[in-house]
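Line by line, the protein sequences give chains V and Z.
FYI, the numbering for the first sequence is 1 to 171, going by our numbering.
FYI, the numbering for the second sequence is 172 to 270, going by our numbering.
By construction, the Cβ of each residue, glycine as well, lies at the ideal position given by its N, Cα and C atoms.
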Amino acid sequence: MEAVLFFFAAIGALAGAIGVVAMRNPFYSVLALIVHLFSLAVLFLLLTAAFVAAAQVVVYAGAVMVLYIFVVAYVGGGGESAWEPIPGQRLLAPLLGIALFIELSIAVLSSALLALGTHGPDVEPGFGDPAAIGKLLLEKFLIPFEASSILLLIAAIGAIVLAGRKREEAA
Amino acid sequence: MNVEWFIVLSALLFTTGAVGILLRRSPMVILLCLELMLNAGNLALVAFSRMVGNQEGQVFAIVVMVVAACEVVVGLGLIVALYRRKLPIDVDELRGLRG
Chain V
1 MEAVLFFFAA IGALAGAIGV VAMRNPFYSV LALIVHLFSL AVLFLLLTAA FVAAAQVVVY
61 AGAVMVLYIF VVAYVGGGGE SAWEPIPGQR LLAPLLGIAL FIELSIAVLS SALLALGTHG
121 PDVEPGFGDP AAIGKLLLEK FLIPFEASSI LLLIAAIGAI VLAGRKREEA A
Chain Z
172 MNVEWFIVLS ALLFTTGAVG ILLRRSPMVI LLCLELMLNA GNLALVAFSR MVGNQEGQVF
232 AIVVMVVAAC EVVVGLGLIV ALYRRKLPID VDELRGLRG
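And the structure:
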């Protein structure tokens, strides 16, 4: 049962990722990314990370993707020009991708992590639920938690400064 | 399910995102491919946290989500600013900073 769910979610995640890269229209790319994010949430649930899965669906597939869709609708998804500034880019990029995958595989295989071949230790039912994560965030990782909230605030102000209409431009 | 399956899937997703960044020229799609790579990293973090039986990897994954959200907000703000100034939305035509 678990294996079947894993393979369905893995196929969904991979298909979504390939869709993001292959779709001509940026709007369809965003929709493919939503499929990818939902499949990843299922994978997180399989790894007993309930809170991360919920945050993935609510924050990513909900809020961030709505932002993307607004910007794609505002800017308009024009197709890319066929002009290739680097000759053979369409051929070279997948080759480099294959090389990167082989490199990552070698790194994982030679890492000598013996626990990689197991499904991990048995964990108690509360593993990864909101209470446990919240306790960690507010006790052990309080300073990173506050720093990330300041980072979010700075990003929001930066986006307003970048994209906001200036007064003299409007006049 | 063994943890190595999740790690292999994460490597595949990361590679797909990297190929997308190399192939595509629309900054919007490049941002989407960056999301793919960050999410692949997240999957690896959560998988390793399950392998060790420690929840701290999941906290890392949540911080990565926050950073990804910041990156999206600033990137989309830049794209909107480009559009307002009637500049081309294509990373190959924006070569003003090229040495």
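Do you know whose CA, among the options, lies nearest residue i's CA?
i, options, result
"Thr48 (chain V)", "V:Phe6, V:Ile18, V:Ile11", "V:Phe6"
"Asp122 (chain V)", "Z:Val235, Z:Val251, Z:Arg221, Z:Leu247", "Z:Arg221"
"Ala93 (chain V)", "Z:Gly188, Z:Gly224, Z:Gln229", "Z:Gly188"
"Val75 (chain V)", "Z:Ile260, Z:Glu227, Z:Glu175", "Z:Ile260"
"Glu264 (chain Z)", "Z:Leu216, Z:Asn225, Z:Arg196", "Z:Arg196"
"Leu142 (chain V)", "Z:Phe185, Z:Leu202, Z:Val230", "Z:Val230"
"Val179 (chain Z)", "Z:Leu193, Z:Leu202, Z:Val200, Z:Leu216", "Z:Leu216"
"Val72 (chain V)", "V:Leu100, V:Leu31, V:Glu103, V:Ala54", "V:Leu31"
"Ser111 (chain V)", "Z:Met236, Z:Arg266, Z:Met208, Z:Phe219", "Z:Phe219"
"Leu136 (chain V)", "Z:Leu258, Z:Tyr254, Z:Ile233", "Z:Ile233"
"Lys140 (chain V)", "Z:Cys241, Z:Phe185, Z:Gln226, Z:Ala240", "Z:Gln226"
"Asp129 (chain V)", "V:Ala50, V:Ile150, V:Pro144", "V:Ala50"
Are the C-beta of residue i and some C-beta of chain Z separated by less than 8 angstroms?
i, result
"Ser105 (chain V)", "yes"
"Ala120 (chain V)", "Here residue 120 (chain V) is Gly; the residue named in the question, Ala, does not match the sequence. Gly120 (chain V) counts as touching chain Z."
"Leu45 (chain V)", "no"
"Ala17 (chain V)", "yes"
"Leu74 (chain V)", "Contrary to the premise, residue 74 (chain V) reads as Tyr rather than Leu in this sequence. At least one chain Z Cβ lies under 8 angstroms of Tyr74 (chain V)."
"Ala61 (chain V)", "no"
"Phe51 (chain V)", "yes"
"Glu139 (chain V)", "no"
"Ala171 (chain V)", "In this prediction, Ala171 (chain V) has a pLDDT of 46, which is less than 50 and means its spatial position is unreliable; nothing more can be read from the coordinates."
"Ile150 (chain V)", "no"
"Ala41 (chain V)", "no"
"Phe127 (chain V)", "yes"
"Pro144 (chain V)", "yes"
"Ala54 (chain V)", "no"
"Trp31 (chain V)", "For the sequence presented, residue 31 (chain V) should be read as Leu rather than Trp. No, Leu31 (chain V) does not count as interfacial toward chain Z."
"Val108 (chain V)", "yes"
"Phe101 (chain V)", "yes"
Any beta carbon of chain V sitting closer than 8 angstroms to that of residue i?
i, result
"Ile201 (chain Z)", "no"
"Arg269 (chain Z)", "no"
"Gly191 (chain Z)", "yes"
"Gly248 (chain Z)", "yes"
"Gly224 (chain Z)", "yes"
"Leu183 (chain Z)", "yes"
Could you check what DSSP says for residue i in three-state terms: helix, strand or coil?
i, result
"Asn25 (chain V)", "coil"
"Met1 (chain V)", "coil"
"Leu180 (chain Z)", "helix"
"Phe127 (chain V)", "coil"
"Glu264 (chain Z)", "coil"
"Phe141 (chain V)", "coil"
"Thr186 (chain Z)", "helix"
"Ile233 (chain Z)", "helix"
"Ala171 (chain V)", "Here the model assigns Ala171 (chain V) a pLDDT of 46, short of 50, so the residue's position is not dependable, and the following value carries that caveat. Coil at Ala171 (chain V), not helix or strand."
"His36 (chain V)", "helix"
"Ala112 (chain V)", "coil"
"Leu257 (chain Z)", "One point to set straight first is that residue 257 (chain Z) is Lys, not Leu, in the sequence displayed. In the structure shown, Lys257 (chain Z) sits in coil (DSSP, three-state: anything other than H, G, I, E or B)."
"Ser197 (chain Z)", "coil"
"Gly62 (chain V)", "helix"
Original post:
Are three or more beta carbon pairs between the stretch 20-40 of chain V and the stretch 57-71 of chain V nearer than 8 angstroms?
Top reply: Yes, the stretch 20-40 of chain V touches the stretch 57-71 of chain V.
Original post:
Taking contact to mean at least 3 C-beta pairs separated by less than 8 angstroms, is the stretch 198-211 of chain Z in contact with the stretch 17-32 of chain V?
Top reply: They touch, by the three-pair rule.
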